[in-house]
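Inspection log for the structure reproduced underneath, given as structure tokens.
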């Protein structure tokens, strides 16, 4: 094992920001952004905008256009949706390994066993869905009949009557037999995977998949522990230990020690260590990968962050759809916004600064809020709730 490279906490934070393409220069295109990130999580919550749109806006700024993302997904098909994420079609060989394993969900053997049994009990229903898509597709879930012999029963919301078609489509999606090929409002449009993706291309070996997955995820993380960059969608990728050893031996993954963090085994991507530091100030989706690992965010950024969308309103500490504020290499606060599309006003229900926030931080936060408002097409920003005293002048100027 090579000697550990010593990093300060600030250096580690900067590597994370660089890896997540949140420093300059901005990605040249949506395709470049998704390729560099590896995946962008999907979520329909639109208090401000869908999370995938916010993630790409944070990287690209005002040049990001939703219509261009949809063109890449539904027309050019250089991107596709898988496992509730947007991923590059060029990475299909990586994800096909997950498709082949499904429903082998590592870490949840009971669910894997149940899913296999449910598919066996509903084999004729599966054949019906695939036959109808082949004959009439693309289709929405509501265009298909519920012909289940046995309903889905795991004690969750998918047990509800009328959800069996959606469950079957989701399972076939995870298996790589069908794909989402468009949207009708919030309704997903489905078709056979072979019609939308190059499913006949040669398969990669597991060794090649593991190496590519680890290298790309560590690049996107900048600096991370193995648990944060060895995961396929269904769990740890087989052969990750050897792939990591190879990356370390070749100098791609650099073992590091971070000042003040005794816990964990940390690695930095060699390219991130060499990149110039050109910071920006941006608002982040609550699902953004810079903050998605809450323990990682707490350890490196000293920023306690939890999603409160599903917390009862009276028990929320920060708000419903809270956006952290990244300023250079610090998370300086958070806002709880709501975009009123009828009046085109971006409402700030609350603005919170981290302890020790300065007036200069407020100027940076105000600029980032105005940039978000301009991209949304808002005609005004209304500060309806509390704002930090040192930031009041900048925010309400």
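Residue numbers (this note's numbering): 1012 to 1408.
Each residue gets a CB set at the ideal place from its N, CA and C atoms; glycine is no exception.
According to the DSSP assignment, residue 1136 belongs to no beta strand (DSSP E) but to the alpha helix (DSSP H) extending over 1134-1147.
Runs of alpha helix (DSSP H) with 4 or more residues, each lying fully within the segment 1012-1055, are found at 1020-1030, 1041-1048, listed in chain order.
Sequence-distant Cβ neighbours of residue 1297 in its own chain, meaning closer than 7 angstroms and more than five residues away, are 1318, 1332, 1333, 1334. In the DSSP annotation of this structure, the continuous segment of the beta strand (DSSP E) that includes residue 1190 starts and ends at 1189-1195.
Along the segment 1326-1396, the beta strand (DSSP E) occurs as fully enclosed runs of 3 or more residues at 1334-1338, 1341-1351, 1356-1364, 1391-1394, listed in sequence order. The beta carbon of residue 1017 is closer than 8 angstroms to those of 1267, 1268, 1270 in its chain, skipping five residues each way along the sequence. Beta bridge pairing from DSSP links residue 1280 with 1264. Exposed is the label assigned to residue 1328, since fewer than 16 other Cβ atoms lie within 10 Å of its Cβ.
Residue 1074: not part of any beta strand (DSSP E); DSSP gives it neither H nor E. Here residue 1066 carries a helix assignment [DSSP, helix/strand/coil]. Cβ contact annotation for residue 1220 (same chain, cutoff 6 angstroms, sequence separation greater than five): 1105, 1108, in chain order. In its chain, beyond the 5 residues on either side, 1088, 1091, 1190, 1192 have a beta carbon closer than 8 angstroms to the beta carbon of residue 1207. Contact fails between the segment 1113-1129 and the segment 1227-1239, because fewer than three Cβ pairs, one in each stretch, are under 8 angstroms apart. Residue 1201 is bridged by DSSP to 1150, 1191. Going by beta carbons, residue 1179 and residue 1140 fall inside the 8 angstroms limit. Ranked by Cα distance from residue 1382, the first of 1299, 1058, 1072 is 1072.
Our two residues, residue 1041 and residue 1079, have alpha carbons roughly 8 angstroms apart in a direct line. In the DSSP annotation of this structure, the continuous segment of the alpha helix (DSSP H) that includes residue 1104 starts and ends at 1103-1112. A straight-line Cα-Cα distance of about 7 angstroms links residue 1132 and residue 1160.
At a Cβ-Cβ threshold of 8 angstroms, residue 1195 and residue 1151 count as neighbours. Shown here, residue 1316 sits in coil according to DSSP, grouped into three states, outside any helix or strand. When rounded, the separation of the alpha-carbon atoms in residue 1138 and residue 1065 is 38 angstroms.
The beta-bridge partner set that DSSP reports for residue 1246 consists of 1243. Taken through DSSP and simplified to helix, strand or coil, residue 1225 comes out as helix. Taking the CA atoms as reference points, residue 1261 sits about 13 angstroms from residue 1282. Distances from the alpha-carbon of residue 1217 to those of 1238, 1299, 1250 put 1250 closest. If you ignore the 5 residues before and after residue 1032, its C-beta comes within less than 7 angstroms of the C-beta of 1038, 1044, 1047, 1048, 1070, all in its own chain and listed in chain order.
Sequence-distant Cβ neighbours of residue 1197 in its own chain, meaning closer than 8 angstroms and more than five residues away, are 1055. With a threshold of 16 other beta carbon atoms within 10 Å, residue 1256 falls short and is exposed. At least 8 angstroms separates the beta-carbon of residue 1397 from that of residue 1369.
Within the same chain, Cβ atoms closer than 7 angstroms to the Cβ of residue 1136 are found at 1158, 1159, 1160, 1179, the five residues on either side in sequence being excluded. DSSP lists 1279 as the beta-bridge partner residues of residue 1234. For residue 1051, the closest of 1095, 1376, 1254, 1077 by C-alpha to C-alpha distance is 1095. Per the C-alpha coordinates, the member of 1289, 1277, 1154, 1288 positioned closest to residue 1239 is 1277. For residue 1090, the enclosing beta strand (DSSP E) starts and ends at 1090-1093.
When only Cα atoms are considered, residue 1114 and residue 1134 end up about 15 angstroms apart.
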